[in-house]
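Chemist: Let me give you the structure first, and then I'll get to my questions.
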Amino acid sequence: MKLPVCGEEQVIMEAIRNNTVVVICGETGSGKTTQVPQFLYEAGWSHPDSDNPGLIAITQPRRVAAVSMAKRVGYELNLPESVVSHQIRYDVTTSEKTRIKFMTDGVLLRELSQDLLLTKYSVIIIDEAHERNLNTDILIGVVSRVLKLRAELSREDRAKIKPLRVVIMSATLRVSDFTENSTLFTKPPPVISVNARQYPVSIHFNKRTPEDHVAEAFKKVSKIHDRLPEGGILIFLTGQNEIQHLCKLLREKYPSLPPKAALEERKRIRQAAELELKRDAAIPGEESDSDDSDSDLGFDEEELVSTKDGKWEYIYKCEYGKFTYTISYAAPLHVLPLYSSLPTEAQLRVFQPPPEGTRLCVIATNVAETSVTIPGIRYVVDCGKAKERRYDIKTGVQSFEVDWTSKASAGQRAGRAGRTGPGHCYRLYSSAVFDHDFEQFSTPEISRMPIEGVVLNMKSMGIDNVVNFPFPTPPERQTLSKAEKLLGYLGAIDTDVKHITPVGQAMANLPVTPRFAKMLVIGNQQDCLPFVIAIVAALSTEIAKARRRLMRKKYFESQIKHAGLDRSSDILKLLNVVGAYEYAGATAEFCEENFLRSKAMEEIRKLRWQLTNLMAALFENVDVWVDPKMLPPTKRQIKFLKQVITAGFIDSVAIRKDVIENGGQGGTRFKNARGVAYKLMWSEEEAFIHPGSILYSQEPPIALVYNELFKGATKTCFKGVTAIDTKWLPEIGKEFCSFGRPLDHPIPKYSEQTKDKKTVYVVPSFGPKGWPLPPIQVEMHRKGTRWVISA
DNA sequence: TAGGGTTTT
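Last residue of the first sequence: 791 (UniProt numbering), numbering continuous.
Quick look at the structure:
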C-alpha cells in the first residue's frame with residue numbers, strides 16, 4: 001500500500017521550493033517522517049553539486065525515533081548509515097558522506113550554540129512539533145531567526161551562504177501557534193495536510209463516568225475478551241500502581257496460557273478438516289500441483305469470529321478452502337504492563353507476537369501514546385486521564401496529579417486501534433465529560449516547567465532579551481524572571497543587566513541543568529572533580545527503581561550501605577552508589593540486588609564519560625579522567641563536596657522551624673526527623689524530610705539543602721537532602737545574606753597599625769524571610785564615614 | 001515510613 005504522503009509529493013516539494021517555511025500536518029501513519037526527507041534527497045537537495053548542498057536535517061524528540069527512522073530511510077534508499085546517519089547524545093554515525101541526518105532536537109540545539117547559522121544544513125525538518133516539547137518549541141523559535149539571518153546573508157553573497165528552508169511537521173492541526181504567530185514568521189507559512197493511512201476507529205463513550213476507572217477497565221476488558229473477535233487490547237491508565245493492579249486482576253481471571261488440551265484439540269480439528277477439504281478438492285481429478293511442503297497446509301489465516309461463554313468460534317482458511325469451527329476453553333489473555341521505568345527486556349515483550357491462541361493485552365501509561373507503537377492493537381480502552389507533573393513556579397513545589405487528558409490526546413490514544421485494521425476505542429467516561437472537561441490540547445511543556453536551562457542557553461547564543469524571543473507559546477513572565485533570578489544566584493548572569501558572565505558561558509557549554517553546571521564549574525578543587533562529575537551524572541538521571549512493599553526492609557538496608565562514609569546527605573549516597581556499581585563491574589546483577597535501574601546506571605556511566613571529556617576540553621587547568629575504581633572521598637573532600645552541593649542549591653535552603661522560632665540558636669532535640677517541620681525560602685508552607693531519605697532516621701539537621709520539593713498526599717517532602725552548616729551560608733550564599741549591626745560581645749578587635757580595619761561579630765540573616773543565623777566573625781573596613789564588611 | 005507520567009543536551 002502506497003503511503004498517503006507520496007500522493008502529495010509534488011505539492012510538498014513545490015511548497016518547499018517556494019517558501020522558506022512549510023508546515024505539514026499528517027497523523028501517525030501518513031509516512032511523512034520517512035518520505036519527506038527522501039523527496040528532498042531525490043530532488044537533489046544535499047547533493048554537493050546542487051544549489052542546496054547542505055545536509056537535510058530531521059529532528060525528533062526521542063532518541064529511539066532518531067535512530068530507527070535513520071535506519072528505515074537508509075534501508076528504503078538503499079544507502080549506508082554513513083550517508084543516512086543519526087546523531088543522539090551518545091551515538092553518532094555521521095561522516096563526510098552524510099546527506100540526511102536524523103537527530104534529537106537537543107542535539108541540534110547544542111549545535112546551534114556552536115554555529116548559529118547552521119551553515120552545514122540546507123533544510124531543517126522539525127518533526128512531532130505537535131507534542132510541544134520544550135526543545136522542539138525553542139528550536140522552532142531559534143530556527144525562525146536563523147532563517148532571517150541566512151536570507152539576509154545570502155542576499156549579500158549567494159555564492160557563499162545559501163538560504164535555509166524549514167519544514168515543521170505535526171500530527172495534529174494545532175499549528176496556529178506556529179502559523180499565526182507574527183513574531184515567529186512574519187508571513188504565515190502554507191499548511192499542507194496529508195491523510196493518514198489509518199483505518200476507521202469507532203469511538204464508544206461510557207454512559208456514565210465511573211469513580212474507579214481501574215475497576216471499569218477490568219469490566220470493559222473482560223467484555224471485549226469474552227465477546228469480541230481477535231485483536232490486541234491496549235489499555236491506557238495513569239501509573240504503575242494502577243497498571244500492576246489491573247495486570248493482577250486480569251491474569252487471575254484469564255490465565256496466560258490456553259490449556260494444553262485445548263491447543264491440541266484445535267490442532268486435531270484443523271488437521272481433520274483440512275484433510276477432508278483436500279479430499280473434496282482432489283475429486284475433480286486435477287493435478288493438484290503437488291507442492292513439496294506439507295507445512296503450507298493451512299495455517300494460512302484464521303480469524304476469531306466470536307467468543308461466548310468460553311466457546312471460541314474461528315473461521316479457518318487454508319489452501320483448500322475455509323471452514324468454521326468452535327472450541328471451548330477459558331480464553332487466555334497475554335497480559336503485559338508497559339511503562340517507561342520498566343526494564344528494556346520487559347518493554348520489548350509487547351512487540352513479540354503473543355503465544356498462540358492467546359490475545360495480547362497491554363496495560364500502559366502515556367508511553368504508548370507517543371513513544372511506543374504496539375503492533376496488532378484493535379481495541380483501545382482509555383481511562384481518559386493522565387498523571388502530570390505540576391510545578392509551582394513561585395514555591396518550587398512539585399506534585400503529581402491525575403487529571404483528564406486533552407481531546408487531542410484522547411484522539412491519539414484512539415488512533416492506536418486503527419493501525420492494522422478497523423478498530424474500536426472504548427472511553428471510560430461520558431461524552432458530556434469529554435465535551436465539557438477536556439481541554440482541546442495539552443499545555444505546552446514550556447508553560448509547565450522551570451526554564452533556567454533554556455534561558456542560559458539563549459543568553460549564550462547572544463539572545464539577551466529573552467522576553468522578545470519568538471516562542472511559539474511564550475512562558476509566563478514569572479517563570480522567566482524566576483529563571484533569571486536563579487541564574488543570577490548561580491553567578492551565570494549579571495544581576496543588573498542580565499548579561500551572561502564568563503562563568504555562565506562556561507556553564508552553558510555543559511549539557512546539564514544550570515545548578516549542576518555550577519557544581520561542575522566550582523568543583524575543580526581538592527581533587528574533587530571526579531566526585532562532582534559522578535554526583536552530577538547521578539542527579540541528572542532517575543536512578544531508583546520502583547520497589548515492592550515486601551522489599552522495603554532490604555531496600556532500606558541497601559540505602560544505609562550506600563550512605564558509606566557520610567550519613568548526612570542523600571546526594572553523597574548517590575556518589576557511593578555510582579562508586580559501588582563501578583567497583584562491582586557495572587553489572588545488571590548489582591543493580592537488581594541494590595534496587596537500581598540498570599538502564600539509568602548505564603546512562604550515568606555514559607554521562608560521566610561525556611562530562612569528564614567536556615570538562616577536560618573546556619578548562620585548561622582541568623586534568624580529569626574516568627576512574628572505574630574511584631576511591632571514596634576523604635573527610636575533607638566530603639566537606640568540600642557538601643559545600644559544592646550547597647552552592648548548586650543555594651536557593652533551596654530549609655531551616656528547622658523550631659530553630660528559627662528560637663532566633664537561630666538552640667532548638668529542640670529530636671531522635672529522628674519524623675514530624676520535624678522545616679521552613680522554606682519561597683513558601684509559607686512547611687516541609688519534612690522524606691521517610692525514604694537517609695537522614696530520616698537520624699537527628700534532623702538544623703539546616704539543609706534539597707534537590708526537589710514534592711507535595712505528596714499528606715505532606716510536602718524534600719527529596720535528595722544534604723545537611724549543611726549554617727556557617728557556610730554567608731560565604732556561599734552571599735546574595736541572600738544581610739548582616740545586622742556589629743555585636744558588642746564578643747568585643748570587636750581593631751587592627752594594630754591602621755585604625756580603619758576591625759574584626760567583629762555580626763548576626764547574618766538569610767534569604768527572603770531574613771532567617772537569623774548564628775553570629776559569625778567578619779572583617780570590616782572604613783569607607784568614608786561608614787564601616788562596611790570586607791568582601 | 002510516602003510513593004512517582006514522559007522526554008532530552
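For each residue, glycine too, the CB sits at the ideal point set by N, CA and C.
Within a Cβ cutoff of 6 Å, which residues of the same chain sit near L79, ignoring the five residues on either side of it in sequence?
Modeler: So no residue of the chain qualifies.
Chemist: Give every residue of the same chain whose Cβ lies closer than 7 Å to the Cβ of D658, excluding the five residues on either side of it in the sequence, and list them in chain order.
Modeler: For D658, where only same-chain residues beyond five positions count, the Cβ hits under 7 Å are G667, T668.
Chemist: Can you tell which of P375, S442, S399 has its C-alpha closest to the C-alpha of K407?
Modeler: Of P375, S442, S399, the residue nearest in Cα terms is S442.
Chemist: Quick one: what does DSSP say F619 is sitting in, helix, strand or coil?
Modeler: It is coil, neither helix nor strand.
Chemist: So T94 packs on Q60, CB below 8 Å; how close in whole Å?
Modeler: So it is not a contact: roughly 15 Å between Cβ atoms.
Chemist: Note down, in chain order, each residue of its chain lying with its Cβ closer than 8 Å to the Cβ of Q440, except the 5 sequence neighbours on either side.
Modeler: For Q440, where only same-chain residues beyond five positions count, the Cβ hits under 8 Å are R174, S406, K407, A408.
Chemist: Can you give the Cα-Cα distance for D291 and P355, rounded to whole angstroms?
Modeler: Interpretation of D291 is limited by its pLDDT of 39, a score under 50 that renders its predicted location unreliable; the figure taken from the coordinates is listed afterwards. Each residue's Cα considered, the two are about 29 Å apart.
Chemist: Give me the residue from R72, L611, E274 with the minimum Cα distance to residue 838.
Modeler: Residue 838 lies beyond the range of the chain shown here (1 to 791); nothing can be said about it.
Chemist: Can you grab the Cα-Cα spacing for the pair P628 / I393, in whole Å?
Modeler: Each residue's alpha carbon lies about 39 Å from the other.
Chemist: With DSSP as the reference, label M13 as helix, strand or coil.
Modeler: Helix, per DSSP.
Chemist: Can you give me the Cβ contacts of F590 inside the same chain, cut-off strictly under 7 Å, excluding the 5 residues immediately before and after it?
Modeler: Excluding sequence neighbours, F590 sits near Y581, A584.
Chemist: Give me, in chain order, the residues of the same chain whose beta-carbon lies closer than 8 Å to that of V11; leave out the 5 immediate sequence neighbours on both sides.
Modeler: Closer than 8 Å at Cβ, skipping near neighbours: I192.
Chemist: Please name the residue or residues paired with C425 in a DSSP beta bridge.
Modeler: I203, V380, per the DSSP bridge assignment.
Chemist: Report the three-state DSSP secondary structure of A673 (helix, strand or coil).
Modeler: Reduced to three states, the DSSP call for A673 is coil.
Chemist: Buried or exposed: where does S693 fall if 16 or more other Cβ atoms within 10 Å of its Cβ makes it buried?
Modeler: When all chains shown are included, S693 counts as buried.
Chemist: Specify, as a first and last residue, the run of the alpha helix (DSSP H) that F640 falls within.
Modeler: From DSSP, the alpha helix (DSSP H) with F640 extends over 635-648.
Chemist: Pair every Cβ in the region 21-38 with every Cβ in the region 331-351, then say whether three or more of these pairs are closer than 8 Å.
Modeler: In short, these stretches do not touch, since the Cβ pair count stays below three.
Chemist: Got a sec? Which residues, its chain only, sit under 6 Å from residue 870 by beta carbon, not counting five neighbours each side?
Modeler: Since the first and last residues shown for the chain are 1 and 791, residue 870 lies out of range.
Chemist: Mind pulling the beta strand (DSSP E) runs of 3 or more residues that sit fully within the region 197-269?
Modeler: As far as the region 197-269 is concerned, its whole beta strand (DSSP E) runs of at least 3 residues are 201-205, 232-236.
Chemist: Tell me, which residues are paired with V123 by DSSP?
Modeler: V123 pairs with I56, R165.
Chemist: Determine the direct distance from the alpha carbon of I732 to that of A687, and round the result to whole angstroms.
Modeler: Computed Cα separation, rounded: 23 Å.
Chemist: On the DSSP bridge list, what partners appear for W787?
Modeler: Partner(s): R782.
Chemist: What is the DSSP secondary structure of L277, counted as helix, strand or coil?
Modeler: DSSP places L277 in helix when its eight states are reduced to three.
Chemist: If you drop the 5 nearest sequence neighbours on each side, which residues of the same chain put their C-beta closer than 6 Å to that of H47?
Modeler: There are no such residues.
Chemist: If I'm right that L480 touches V467 with Cβ under 8 Å, what's the distance once you round it to whole angstroms?
Modeler: Correct: roughly 7 Å between the Cβ atoms.
Chemist: Exposed or buried, which one is L743 when buried takes at least 16 other CB atoms within 10 Å?
Modeler: It counts as exposed.
Chemist: May I ask you to report which of helix, strand or coil DSSP gives M630?
Modeler: M630: coil per DSSP, three-state reduction.
Chemist: Could you tell me how far apart the beta carbons of I533 and Y379 are, in whole angstroms, since I believe they sit closer than 8 Å?
Modeler: Not really, about 48 Å apart at Cβ, beyond 8 Å.
Chemist: Would you tell me roughly how many angstroms separate the C-alpha atoms of G663 and K679, rounded to the nearest one?
Modeler: If I take the Cα positions, the gap works out to 13 Å.
Chemist: Per DSSP, which one or two residues make a beta bridge with W45?
Modeler: DSSP lists no partner for W45.
Chemist: Confirm, please, whether the CB-CB distance from I58 to V84 is below 8 Å.
Modeler: Cβ atoms of V84 and I58: not closer than 8 Å.
Chemist: Would you call the region 697-710 and the region 669-676 touching, i.e. three or more CB-CB distances under 8 Å?
Modeler: Yes: at least three Cβ pairs fall under 8 Å.
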